[in-house]
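Chemist: The structure that follows is given in the form of structure tokens.
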Amino acid sequence: MNEDLRQLDRQIRKAFLRYREIQHQRTRLERIHYPQIMDWEVGTQEPPQVSDTNLLKQEVLSELGYSPAYFWELVEMENDMLPEFAELAAQHPLWEHFRWISGIATTLMVVRYVARGGDVTRCPRVTNYWKGLGEDVLPDGSVPRRIRGRTKVKRRLPAMPHVTEVGELLRKAILTSNRGMLRDIYDREKPQYLEKHQYRTDKDSGEIQIDPETGKPKETPALWAHKHGLRIALKILDFCAWKAWREAYGLPAPDPYAFDILNHPREHLISFGDLYDKLEPAKPTVVRAGAHDIKRKFPDLYQPFARIEEPA
């Protein structure tokens, strides 16, 4: 067991959760103390008028220590953590792979991914890892989701909120990248899904659903194919990351069930190296995110935070 890597993982997860909590507090105070900073709907010239209730919130929060000056302290704290992320991510074995893949070749994404993945030593197979990330399937092969008439989703281990948020960032990165195998997988899986599932079928009987108004079979929505393509691409990325992560710990990382047990052709198994698409690897630079430009855009609103020093 690689104890140094275990300590690094814990340090990254702790730093990310602290960063996320700072972000939550900063955005909450931003809405209350500085609504003019928020990005409002397109077409509106000014932020909504501040209500009496919001003014009372400002007064109460200031009395509790959450003053406008504390908001600016949170901005500074959020920015100060970005160099720490770059230093931590550069030491992680996943960075050596992420830096070659378009869309995710940033140290901040590596930190987010490590925090999302949790304790990989507790996942002896990739199916355990997928389940912790909310990417498992039910016995009938369907995705766990709420279905009309059923009161509970058959999932014992729901994904944590930050796990879902980072997953959405990864899916967005796949969509915005116009090259690479992850994007190719997404583009390939979409039409294959629509070709295989041209019409919607009943979950229990398997019969094609008929539209009562037109009398024609209900076609499968394009959104389903879109989500399916992203799901497959992300699960392949997660498998590659899980395997490299486990091997860095010195732990066994068997192939997925289809290849390890069912003996599917191994030429169909995708490795991390197959996902590389950048001509040169990215450098572990500081990634600006979140509140990095608030102080620059609104210098007149800045208020220094008076730190209370403890007596010697």
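Read in our numbering, the sequence shown has 84 at position 74, and its numbers run on one by one without any break.
We put the beta carbon where it would ideally sit given N, CA and C, even for glycine.
(1) Mapping DSSP to helix, strand and coil, what is Glu319?
(2) Rounding to the nearest angstrom, what Cα-Cα distance links Leu167 and Leu92 in this structure?
(3) Since I believe Ala99 is in contact with Ile184 (beta carbons under 8 angstroms), could you give me their beta-carbon distance rounded to a whole number of angstroms?
(4) Classify Asp146 as buried or exposed, calling it buried when 16 or more other Cβ atoms lie within 10 Å of its own Cβ.
(5) Helix, strand or coil for Glu290, going by three-state DSSP, please let me know.
(6) Can you name the residues that DSSP bridges to Ile304?
(7) Among Gly128, Pro45 and Ile47, which has the Cα closest to the Cα of Leu18?
(8) Taking His107 as the reference, give the member of His172, Gly239 and Asp284 with the closest Cα.
(9) Please state if the CB of Thr174 and the CB of Gly144 are separated by a distance shorter than 9 angstroms.
(10) Verify whether the separation of the beta carbon atoms of Tyr80 and Leu27 is less than 9 angstroms.
(11) State yes or no: is the C-beta of Leu240 within less than 9 angstroms of the C-beta of Tyr196?
(12) As a quick exercise: from Leu261, Glu88, Tyr123 and Asp90, pick the residue whose alpha carbon is nearest that of Trp105.
(13) Exposed or buried, which one is Tyr139 when buried takes at least 16 other CB atoms within 10 Å?
(14) Buried or exposed: where does Arg20 fall if 16 or more other Cβ atoms within 10 Å of its Cβ makes it buried?
(15) Who are the Cβ neighbours of Ala25 in its own chain at under 8 angstroms, not counting the five residues just before and after it?
(16) In whole angstroms, give me the CA-to-CA distance for Trp110 and Ala292.
(17) According to the neighbour-count rule (16 or more other Cβ atoms, all chains shown, within 10 Å of its Cβ), is Met119 buried or exposed?
(18) Please determine, among Gly113, Gln33 and Ile114, the residue with the shortest C-alpha to C-alpha distance to Asp86.
(19) Can you pull the DSSP bridge partners for Thr211?
(20) Output the distance between the C-alpha atoms of Ser187 and Tyr267, rounded to the nearest integer angstrom.
Modeler: Answer, in terms of the structure:
(1) Note on Glu319: pLDDT 48, under 50, position unreliable in the model; the coordinate value appears next. Looking at Glu319 - three-state DSSP - the assignment turns out to be coil, as it is neither helix nor strand.
(2) For Leu167, the pLDDT reaches just 49, beneath the cut-off of 50, and the residue's location in the model is therefore unreliable, although a value from the coordinates is still provided. Roughly 31 angstroms between the two C-alpha positions.
(3) Between Ala99 and Ile184 the Cβ distance is about 20 angstroms, and since that is not below 8 angstroms, they are no contact.
(4) Burial call: buried.
(5) Coil at Glu290, not helix or strand.
(6) Residue pairing by DSSP places Ile304 in no beta bridge whatsoever.
(7) The shortest C-alpha separation from Leu18 is found at Gly128.
(8) Nearest C-alpha to His107: Asp284.
(9) Thr174 sits close to Gly144, with the two beta carbons spaced by under 9 angstroms.
(10) Going by C-beta atoms, Tyr80 is not nearer than 9 angstroms to Leu27.
(11) Yes, they are a contact pair.
(12) Closest option to Trp105, Cα to Cα, is Tyr123.
(13) Burial call: buried.
(14) With fewer than 16 Cβ atoms within 10 Å of its Cβ, Arg20 is classed as exposed.
(15) Result list for Ala25: Met91, Glu94, Phe95, Leu98 and Val121, in chain order.
(16) Straight across, the Cα-Cα distance linking Trp110 with Ala292 is about 7 angstroms.
(17) Met119 is buried by the Cβ-count criterion.
(18) The sequence given here has Glu at residue 86, not Asp. Among Gly113, Gln33 and Ile114, the Cα nearest to that of Glu86 belongs to Gln33.
(19) Ile218, per the DSSP bridge assignment.
(20) Here the C-alpha atom of Ser187 lies approximately 29 angstroms from the C-alpha atom of Tyr267.
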